[in-house]
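**Q**
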Ligand code: SF4
Ligand code: SF4
């Protein structure tokens, strides 16, 4: 099986390990992530106001290119997923907007692509039971907090699970042998783009997420977004500096854990690029 | 706070523009406060999303324009998710941002951005930040 794959800008640079671990894991699970021949940035945020058609041109180009290559497109970054899925919905639902966009980018895209997140590929196309059966190195005893953030869940009509009480991420972690830890702030925002100009808010919001997960016993946090990952790591450093955090915990991409569990070579997962290394914990747990 | 309410501000061009850009009808909001309750950054806003909508319903253009709320909103959509009337305060705050940005006025000066941030941050943070805060 081959599935068209949109990496997005950040997975080619800051979050390389997110990309490489997903590609390799797919091979281990018996399918191929086929990177689109042609793609551009999705815009990194869905334009919220309906009059902002310019903001939909970039993501529509991606969808249009993907449609030439197949009927399904997957992506890893939760923001890319959100932007592409929402844009696809606008094109489906609104003929007038669809025509304006198609005129602008010289295409005739109808909105009939199936945009799914990689977690949905694992759940619905492969099956978490098959993932579990392919695990070579169960991550037994590792207490992991699944951090959903915003873009995987909201708005509810594009979310990959229930917007208030999701479980798909935890089910995925169970398949790898981890012990998922439920924590109150798992669907709260990390501060997102305020990383650019408001460190105080990001440290507070991300700090609350970290504390809420640690209070419930989480030893690692698992993320599906490079910006969340950046904010959750950065805020821990700030908290450690001011003495409000005694021990930093690793924040990993879910595909890095998947790669680990499937027995992928540790050195190809990008673990060394994370600010807080998970490897000592693996040793400690005898994984 | 002393406010003056009259036809001229209740139906001002500004209020109509906010409704047109955001695609939201301000009158749909019945002020339950769920949006502000769910908003993770309302603590840092001059006025929470529910108050911004109330001020707009009352035509208080200057107060809304001078509030930091639109620049603090992270676009997390918790307000919309929790609103029993399906009003998206996020759309309204984005419309308010656009009213500044579309005039070519930046909220953040690119020159002032920390070099460290530009060097280390994920690309999506920079792209998203620029789209939300820079004209
Ligand atoms: S949740 Fe909806 S109805 Fe309630 S105050 Fe906010 S916008 Fe108004
Ligand atoms: S989208 Fe903005 S106003 Fe709405 S809850 Fe999030 S930060 Fe608050």
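Chains as they are written, first to last, in the numbering used here: chain A, 47 to 333; chain B, 238 to 372.
Quick reminder that beta carbons are idealized off the backbone N, C-alpha and C, glycines included.
Keep in mind it's a predicted model, so treat the numbers as computed, not measured.
Which residue marks the beginning of the alpha helix (DSSP H) containing residue 286 of chain B, and which one marks its end?
**A** Taken as a continuous stretch (DSSP letters only), the alpha helix (DSSP H) holding residue 286 of chain B covers 286-294.
**Q** Quick check: is the beta carbon of residue 81 of chain A nearer than 7 Å to any beta carbon in chain B?
**A** Not one chain B Cβ lies under 7 Å of residue 81 of chain A.
**Q** What are the boundary residues of the beta strand (DSSP E) that includes residue 66 of chain A?
**A** Residue 66 of chain A -> not in any beta strand (DSSP E); alpha helix (DSSP H) instead, spanning 62-75.
**Q** Between residue 326 of chain B and ligand 2, is there a pair consisting of the residue's CB and a ligand heavy atom that are separated by less than 6 Å?
**A** Yes; taking the cut-off as 6 Å, the Cβ of residue 326 of chain B has a heavy atom of ligand 2 nearer than that.
**Q** Taking 6 Å as the cut-off, is the C-beta of residue 128 of chain A nearer than that to any heavy atom in ligand 1?
**A** Answer for residue 128 of chain A: no, Cβ out of range of ligand 1.
**Q** Against residue 345 of chain B, what residues of chain A qualify as contacts under a CB-to-CB distance less than 9 Å, listed in chain order?
**A** The answer, in chain order, is 242 and 243.
**Q** Return the CA-CA distance between residue 369 of chain B and residue 242 of chain A, expressed in angstroms with no decimal places.
**A** Going by the C-alpha atoms only, they are around 11 Å apart.
**Q** Of the choices A/235, A/256 and A/277, whose alpha-carbon is the least far from that of residue 245 of chain A?
**A** The candidate whose alpha carbon is nearest that of residue 245 of chain A is A/277.
**Q** Is the segment 96-114 of chain A touching the segment 155-168 of chain A, taking contact as three or more C-beta pairs under 8 Å?
**A** Yes, since at least three Cβ pairs between the segment 96-114 of chain A and the segment 155-168 of chain A fall closer than 8 Å, the two stretches touch.
**Q** Taking residue 272 of chain A and residue 60 of chain A to be in contact with their CB atoms under 8 Å, please state how far apart those CB atoms are, rounded to whole angstroms.
**A** Confirmed, about 6 Å.
**Q** Are the Cβ atoms of residue 64 of chain A and residue 75 of chain A separated by less than 7 Å?
**A** Cβ atoms of residue 64 of chain A and residue 75 of chain A: not closer than 7 Å.
**Q** Which of helix, strand or coil does DSSP assign to residue 371 of chain B?
**A** DSSP places residue 371 of chain B in coil when its eight states are reduced to three.
**Q** From residue 268 of chain B to residue 251 of chain A, what does the alpha carbon distance come to, in whole angstroms?
**A** For residue 268 of chain B and residue 251 of chain A, the distance between alpha carbons rounds to 25 Å.
**Q** Quick one: list the residues of chain A neighbouring residue 327 of chain B, beta-carbon separation under 8 Å, in chain order.
**A** Simply 94.
**Q** Distance check for residue 264 of chain A and residue 245 of chain B, CA to CA, integer angstroms please.
**A** If you take the alpha carbons of residue 245 of chain B and residue 264 of chain A, they lie about 56 Å apart.
**Q** Roughly how many angstroms lie between the CA atoms of residue 174 of chain A and residue 214 of chain A, to the nearest whole one?
**A** About 10 Å.
**Q** For residue 160 of chain A, does the three-state DSSP call read helix, strand or coil?
**A** Correct three-state label for residue 160 of chain A: strand.
**Q** If you run the structure through DSSP and keep just helix, strand and coil, what is residue 84 of chain A?
**A** Residue state, collapsed to three classes: coil.
**Q** Which word fits residue 280 of chain B, buried or exposed, when buried means at least 16 other C-beta atoms lie within 10 angstroms of its C-beta?
**A** When all chains shown are included, residue 280 of chain B counts as exposed.
**Q** Compile a chain-ordered list of the residues in the segment 196-208 of chain A whose CB is closer than 7 Å to at least one CB of chain B.
**A** Within the segment 196-208 of chain A, the residues whose Cβ lies closer than 7 Å to some Cβ of chain B are 196, 200, 201 and 202, listed in chain order.
**Q** By the criterion of Cβ-Cβ separation under 9 Å, what are the contact partners of residue 306 of chain B in chain A?
**A** Residues of chain A passing the Cβ test: none, with the nearest at roughly 13 Å.
**Q** Within the chosen definition, does the segment 349-364 of chain B reach the segment 48-57 of chain A through at least 3 CB pairs nearer than 8 Å?
**A** Taking 8 Å as the limit for Cβ pairs, the verdict is that the segment 48-57 of chain A does touch the segment 349-364 of chain B.
**Q** Spatial neighbours of residue 257 of chain A within its chain, please: C-beta separation below 6 Å, excluding the five flanking residues on both sides.
**A** There are no such residues.
**Q** For a cutoff of 7 Å on Cβ pairs, would you count residue 258 of chain B as touching chain A?
**A** Yes, because at least one Cβ of chain A sits closer than 7 Å to the Cβ of residue 258 of chain B.
**Q** Can you name, in chain order, every residue of its own chain whose Cβ lies under 8 Å from the Cβ of residue 205 of chain A, other than the five neighbours on each side?
**A** 198, 199 and 212.
**Q** Give me the residue from A/307, A/301 and A/286 with the minimum Cα distance to residue 321 of chain A.
**A** When only C-alpha atoms are compared, the closest one is A/286.
**Q** Is residue 269 of chain A helix, strand or coil when you go by DSSP?
**A** In this structure, residue 269 of chain A counts as strand in the three-state DSSP scheme.
**Q** Determine contact between the segment 175-183 of chain A and the segment 305-325 of chain A, defined as no fewer than three beta-carbon pairs at a distance below 8 Å.
**A** These segments touch.
**Q** Determine, using beta-carbon pairs with one atom in the segment 307-324 of chain B and one in the segment 284-300 of chain A, whether at least three such pairs fall under 8 Å.
**A** They do not touch, by the three-pair rule.
**Q** Given 8 Å as the limit, is there contact between the segment 300-309 of chain B and the segment 330-345 of chain B, that is, 3 or more CB pairs closer than that?
**A** The segment 300-309 of chain B vs the segment 330-345 of chain B: in contact.
**Q** Under the criterion of a Cβ to heavy atom distance below 6 Å, does residue 312 of chain B qualify as lining ligand 2?
**A** Checking every heavy atom of ligand 2 against the Cβ of residue 312 of chain B, one is found closer than 6 Å.
**Q** Identify every residue that forms a DSSP beta bridge with residue 49 of chain A.
**A** DSSP, once it has assigned bridges, lists A/79 as partnering residue 49 of chain A.
**Q** Would you kindly report the start and end of the unbroken alpha helix (DSSP H) that includes residue 246 of chain A?
**A** It spans 245-261 - the alpha helix (DSSP H) in which residue 246 of chain A sits, taken as one unbroken run.
**Q** Please state if the CB of residue 328 of chain B and the CB of residue 95 of chain A are separated by a distance shorter than 7 Å.
**A** It is a contact, given that the beta carbons lie within the stated cut-off.
**Q** Buried or exposed: where does residue 310 of chain A fall if 16 or more other Cβ atoms within 10 Å of its Cβ makes it buried?
**A** It counts as buried.
**Q** By a C-beta neighbour count over all protein chains shown, 10 Å radius and 16 as the cutoff for buried, is residue 114 of chain A buried or exposed?
**A** With fewer than 16 Cβ atoms within 10 Å of its Cβ, residue 114 of chain A is classed as exposed.
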